[in-house]
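If you read the protein sequences in the order shown, they are chains A and B. The numbers in the first sequence follow my numbering, run straight up by one, and end at 566. The numbers in the second sequence follow my numbering, run straight up by one, and end at 704. What follows is a set of notes on a single structure, which appears directly below.
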Amino acid sequence: MAEYPPSLERLLHELEKLPGVGPRSAQRLAFHMLKQPLEAAKALSAALLDARTRLHPCRDCFNLTEETLCRICAQATRDRASLLVVEDPSDVAAFERTREYHGLYHVLGGTLSPLEGRGPQDLTLDALVSRVQKDGGFKEVIVATDPTVEGDSTGLYIQQLLKGMPVHGEPGRTIKVSRLARGLPSGGDVEYADETTLLKALEGRREI
Amino acid sequence: MHVRSLRLAHFRNYESLEVEFHPQLNLFLGPNAQGKTNVLEALYCLSTTRSFRAASDEEMIQFGREEGAVEGILQREEGEETIRMEFRRSRNKVLWVNRKKQKKLSLLLGRLPAVVFSPDDLFLVKGGPALRRRYLDMTVLQMDQGYLTHLQQYDRALKQRNSLLRQRSPGTESQLAAWDQPLARHGAALMLKRGEVAKRLSDFAGQALRDLTGDAERFEVRYEPCLPWEGLESSVAEKMLEALAGARREETARGVTVVGPHRDDLGLWVNGQLLRKFGSQGQQRTGALALKLAQLSLLAEGCHTAPLVLFDDVMAELDEKRQAFFLNRLRQGGQAFLTGTSPHDFSAASKAARIFSVELGRVQWVQSGPEG
Chain A
359 MAEYPPSLER LLHELEKLPG VGPRSAQRLA FHMLKQPLEA AKALSAALLD ARTRLHPCRD
419 CFNLTEETLC RICAQATRDR ASLLVVEDPS DVAAFERTRE YHGLYHVLGG TLSPLEGRGP
479 QDLTLDALVS RVQKDGGFKE VIVATDPTVE GDSTGLYIQQ LLKGMPVHGE PGRTIKVSRL
539 ARGLPSGGDV EYADETTLLK ALEGRREI
Chain B
333 MHVRSLRLAH FRNYESLEVE FHPQLNLFLG PNAQGKTNVL EALYCLSTTR SFRAASDEEM
393 IQFGREEGAV EGILQREEGE ETIRMEFRRS RNKVLWVNRK KQKKLSLLLG RLPAVVFSPD
453 DLFLVKGGPA LRRRYLDMTV LQMDQGYLTH LQQYDRALKQ RNSLLRQRSP GTESQLAAWD
513 QPLARHGAAL MLKRGEVAKR LSDFAGQALR DLTGDAERFE VRYEPCLPWE GLESSVAEKM
573 LEALAGARRE ETARGVTVVG PHRDDLGLWV NGQLLRKFGS QGQQRTGALA LKLAQLSLLA
633 EGCHTAPLVL FDDVMAELDE KRQAFFLNRL RQGGQAFLTG TSPHDFSAAS KAARIFSVEL
693 GRVQWVQSGP EG
């Protein structure tokens, strides 16, 4: 079996465990790294170790951070009436790139998926509920999970959890739970859109 | 539109094959287990991306090979089109149209509609509801691509929900509701579409049975879902949510979803009697033929082109009168591919066809066919 020296086999074995990396990509990555100077390999392994040891979930929103609170939660200028619920830290980065959303985030850590054995206790849902209850101040929770069956169901579950919760300081008003719109990507072509996307875009049409 | 030629590589018992077809009638003759049906199966792959008989795509890859491919050149009114399906062991299959790799396999649905007639069709009448649901789904899918999304999302929600029900852990109650919604939404869409298509199939099947039997037997195809489905999609979804709520105790006890279109059936009735229970073997056979003829008529209408007719070993079962009827029907349009063991099974057809002999994975012209 071992076509390569043991240390190289071990490197390939570790690389293949990464998502989206098969035997071929693993070989390409490994041979590329081996061609580079030793410093490059040291830098890569140091960066990996450093990131892994320093980063942990933010106390409030579960985004990745090196501090107690992530940069967004620590920022005084954020709009603390709006909470955007996403699956992963990379989704936070995506919304930040828009520069249009100024509220806070909550990272779930995935979606509900009984098939993969993921229930509410495996997500940060308890924290979400207590955050909305105690933190006060939130007027709207925007669910931005992926537009999949699992993402939608997780959204519905969150809606059930938060439904009817009062907005602090405004008697009689309850928290609004909303879901991202679905539709055509901008810069896209109507004729090339698939039926589902077109249908969703039609359902969610707006008056001009 | 017709399939001009077919190329196979490492497909079933074919190391490689290249064959040119007659635009109307093609006949494959040879002993059993030589590869006749494999040619029909390959054509069906070009129509639907999948086999009509294999449980998994991998069964179609030649033994000992990692990949197999089917490529067809289609002659359309607007020009030539090449469709290529590649099947790979433990990896996703790939579709190419005109040498361009396609992201969505569903693109193929409805482009080259096809109907298979096979001796197994009898199970449509005698077998369980799953076969009839599949018949219905394959009919709708070729006409309505949006249906596929609903089917896939429904299936996904159903699997998730069943998995949750099986866990039987406390607290599942509140999670169930979150899966009820997508189940009801996609379920309602499926039911409405199935009901609508079943009605059309019933009309066509009734006509087909009258044509086949020459008398006034009344054949009805009834859509039989587990809950009322007529009305607006939103109200059907509402009804399904109610039904799910009503079945909650049973579902939790049994650990499985008991309400929804995954339990639908098609009722086949002749003169007011259930064909499966009260029909003779002959009546059941005729009923199965009528169902397939109805599919053929409906697809011709819904896809705006005559479907391919894949006739697997069925001619021999028909008497001369019915052979003549089918031949006449085939002449009305659509390219047909027929298999059989002996030229005698095709008395009427053999003159009008291009004939191939099939032996041990080799296909050879025996007769070129008219204007061929």
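Glycine included, C-beta positions come from ideal geometry on N, C-alpha and C.
Taking a Cβ-Cβ cut-off of 7 Å, the neighbours of residue 552(A) in chain B comprise 436, given in sequence order.
The CB of residue 514(B) comes closer than 7 Å to the CB of 507, 510, 511 in chain A, given here in chain order.
The straight-line gap separating the alpha-carbon atoms of residue 341(B) and residue 378(B) is approximately 14 Å.
Here the alpha carbons of residue 339(B) and residue 585(B) stand approximately 53 Å from one another. The region 550-561 of chain A makes no contact with the region 478-490 of chain A: fewer than 3 CB pairs, one atom from each, lie closer than 8 Å. The closest CA to that of residue 605(B), considering only 550(B), 454(B), 375(B), 469(B), is found on 550(B). In the structure shown, residue 463(A) adopts extended strand secondary structure according to DSSP, grouped into three states. Between residue 466(A) and residue 445(A), the C-beta gap is smaller than 8 Å, which places the two residues in contact. With respect to the C-alpha of residue 563(B), the residue from 525(B), 597(B), 599(B) having the closest C-alpha is 525(B). For residue 672(B), the enclosing beta strand (DSSP E) starts and ends at 668-672. Under the Cβ criterion (8 Å, minimum of three pairs), the region 466-484 of chain B counts as touching the region 437-445 of chain B. In this structure, the beta-carbon distance from residue 533(A) to residue 490(A) falls below 8 Å. The beta carbon of residue 411(A) sits closer than 7 Å to none of the beta carbons in its chain outside the five residues before and after it. In the DSSP assignment, residue 390(A) falls within the alpha helix (DSSP H) that extends over 381-393. Take residue 575(B), set aside five residues on each side of it, and the residues of its chain with a beta-carbon closer than 6 Å to its own are 559, 591, in chain order. In chain order, 557, 561, 568, 593 place their CB closer than 7 Å to the CB of residue 523(B), counting only its own chain and leaving out the 5 sequence neighbours on each side. Chain A places no beta carbon closer than 8 Å to that of residue 601(B), leaving this residue out of the contacts. Listed in chain order, the non-local C-beta contacts of residue 691(B) below 6 Å within the same chain comprise 362, 366, local neighbours out to five positions each way being set aside. Listed in chain order, the non-local C-beta contacts of residue 617(B) below 7 Å within the same chain comprise 454, local neighbours out to five positions each way being set aside.
Under DSSP, residue 600(B) forms a beta bridge with 553(B). Annotation note: the region 393-418 of chain B contains the following uninterrupted beta strand (DSSP E) runs of length 3 or greater, listed N- to C-terminal: 399-408.
Counting only Cβ-Cβ distances below 8 Å, residue 518(A) has contacts in chain B at 506, 509, 510, in chain order.
Separation of residue 397(B) and residue 425(B) (C-alpha to C-alpha, rounded to the nearest whole angstrom) is 15 Å. In this structure, the alpha-carbon of residue 643(B) lies about 26 Å from that of residue 548(B). For residue 481(B), a Cβ of chain A is located within less than 8 Å of the residue's own Cβ. For residue 508(B), the enclosing alpha helix (DSSP H) starts and ends at 504-545.
Beta-carbon to beta-carbon, residue 391(A) and residue 398(A) are separated by about 7 Å, close enough to satisfy the 8 Å threshold. Setting aside the 5 residues that flank it on each side, residue 570(B) is surrounded in the same chain by 516, each with a C-beta closer than 8 Å to its C-beta; the list follows chain order.
The DSSP-derived three-state label of residue 448(A) is helix. The beta carbon of residue 491(B) sits closer than 8 Å to some beta carbon of chain A. Contact of residue 576(B) with chain A by beta-carbon distance below 9 Å is absent, the smallest such distance being about 14 Å. Neighbours of residue 488(B) across chain A, judged by C-beta separation under 7 Å: 507.
Relative to the Cα of residue 457(A), the nearest Cα in the group 436(A), 443(A), 472(A) belongs to 436(A).
For residue 528(B) and residue 364(B), the gap between their C-alpha atoms comes out near 40 Å.
Within a 10 Å sphere around the beta-carbon of residue 698(B) sit fewer than 16 other beta-carbons, which makes this residue exposed. Within chain B, the residues placing a beta-carbon under 9 Å from that of residue 470(A) are 492, 496, 507, 510, 511, ordered along the chain.
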